[in-house]
Amino acid sequence: MRRNLLIVYHSQTGRTEAMARAVQDGAADPLIESVDVRFLRAAVAGPDDLLWAHGLLLGTPENFGYMSGAMKDFFDRTFYPVEGRIQSLPYAAFVSAGNDGSGAIRAVHRIANGYPLREVQEPIIARGEITPDVIGRCRELGMTLAAGLEAGLY
Ligand SMILES: Cc1cc2nc3c(=O)[nH]c(=O)nc-3n(C[C@H](O)[C@H](O)[C@H](O)COP(=O)(O)O)c2cc1C
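So for the sequence shown, the working numbering puts the first residue at 38; every next one is plus one.
Take a look at the structure:
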């Protein structure tokens, strides 16, 4: 059976986008054959994308100690249309921050609980420049989610 993985991200200066592209690379690993990936900016993602998805990867910068406004808007716009129609969708999050990131993760966790989304991997928080190490960890995150969906783990 084919499984669907949705990657939703927002990025203003390109750091979260670099992380998201690495996540996408990992999910597209040639060893994973039965997972389709949809890669969308938060501003264009909508309820139909969430209803399509069997798994979700969320990427946001930390802005003012919270997730970005665009990511919050994605949650605000989609909550009622998907309410009662998704059950415990497996997800993981990645954050680009100047020097913290914990507020963005806390905000994602709170909203995820209400959605309901189920966190299946530790979040990645990158502070400052996006290093090759961060890119490697993001790639691994994408691959892990996709492989887990394919294997029926989630
Ligand atoms: C309006 C604004 C608010 C920010 N607030 C925070 C913050 O609260 N904590 C933090 O660690 N970094 C903060 N930053 C820094 C960004 O999180 C950081 O530059 C991040 O790497 C940007 O990611 P992007 O390139 O994907 O937009 C803020 C940046 C902006 C523009």
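Ideal Cβ positions, reconstructed from N, Cα and C, are used throughout, including at glycine.
Which of helix, strand or coil does DSSP assign to residue i?
i	result
Tyr128	strand
Arg176	helix
Pro98	strand
Please check the pair residue i and residue j, which I expect to be a contact at CB under 8 angstroms, by giving their CB distance rounded to whole angstroms.
i	j	result
Tyr46	Pro127	Not really, about 17 angstroms apart at Cβ, beyond 8 angstroms.
Ile142	Ile162	6 angstroms
Met108	Thr115	Going by Cβ atoms, the distance from Met108 to Thr115 rounds to 11 angstroms, so no, they are not a contact pair.
Asp73	Arg39	6 angstroms
Val119	Leu87	5 angstroms
Using the Cα positions of residue i and residue j, report the straight-line distance between them to the nearest angstrom.
i	j	result
Asn41	Gly165	31 angstroms
Leu186	Gly63	13 angstroms
Gly92	Tyr117	19 angstroms
Gln124	Ile172	30 angstroms
Asp110	Ala144	13 angstroms
Val81	Val132	19 angstroms
Would you kindly report the start and end of the unbroken beta strand (DSSP E) that includes residue i?
i	result
Leu190	Careful: Leu190 lies outside any beta strand (DSSP E) and carries neither H nor E.
Give a yes or no on whether the C-beta atoms belonging to residue i and residue j are separated by under 7 angstroms.
i	j	result
Glu99	Ala57	no
Gly179	Gly140	no
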